Structure formats: structure tokens, C-alpha cells
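Reading through the C-alpha cells given below for one structure.
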Amino acid sequence: MIVVTTETVPGYRIVEVKGIARGGVVMATHLGRDILAGLRNLVGGEVKEYTEMMAQAREIALQRLIQSAEEMGANAIVGMRFMTSNVGQRMAEIYAFGTAVVIEPE
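Numbering (full-length UniProt numbering), first residue to last: 1 to 106.
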């Protein structure tokens with residue numbers, strides 16, 4: 001599966017648009033991670049525990065996006081984007097979306 005943030009894939013042409021593919025996940029923090037983040041907040045700097053959690057969430061959302069496109073019969077996703085929003089006090093949603101297409105070499 002080719003996934004790009006652009007509207008086209010160099011060297012390929014879009015022969016069919018399947019529709020909007022999507023994948024998302026809601027991730028919650030846990031007490032241990034919150035305690036470490038609170039300590040880091042006292043001294044400043046990157047909160048690595050949250051950075052790692054969000055990277056994992058993006059990967060899950062991306063894999064679900066790819067699965068959605070595959071189920072539609074697509075072999076590529078163009079215009080892929082991530083969106084993040086707060087769901088609760090200690091939860092965030094990561095949402096990946098794009099246009100599922102069928103491409104072939106030019």
C-alpha cells in the first residue's frame with residue numbers, strides 16, 4: 001500500500017477513486033505515565049512518555065487507515081492526514097484519513 005500526503009503519486013495515475021478511508025484510536029494515559037510526566041514538568045523538557053504514547057497511537061491509526069483502504073479494494077491512499085483531539089481529561093483521539101484510490105504506473 002502506497003500512502004502519501006500529496007494528491008498524486010509520481011509515476012502513477014489514479015484510475016479509480018474508492019472513497020474516504022479512515023482509521024482512529026483513542027489513547028488514555030495511565031497513572032505511572034502521568035507521575036513521570038508530572039516530574040518532567042517540574043524540570044522542563046520533552047515529556048518522552050507522552051511522545052512515545054502519541055507515536056504509538058499514530059502508528060495504530062495509520063494501520064487502521066491502511067486496513068480500511070484495503071477493504072475498499074484500493075492499492076494507495078492519497079491526501080493522507082492525521083488529526084488529533086482531546087476526548088477526555090486524560091484521553092486523546094488520533095484519526096488518520098485520506099482518499100483510497102487504485103493507481104497504476106503511467
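All C-beta atoms, glycine included, are put in the ideal place defined by N, C-alpha and C. From a predicted model like this one, the values you see are computed outputs, not experimental measurements.
- Residue 86 is bridged by DSSP to 92.
- Counting other Cβ atoms within 10 Å of its Cβ, residue 23 reaches 16 or more and is therefore classed as buried.
- The straight-line gap separating the alpha-carbon atoms of residue 93 and residue 10 is approximately 31 Å.
- Between residue 83 and residue 26 the beta-carbon gap is near 13 Å, outside 8 Å, which marks them as no contact.
- Your pair residue 13 and residue 106 checks out as a contact, with CB atoms roughly 5 Å apart and the cut at 8 Å.
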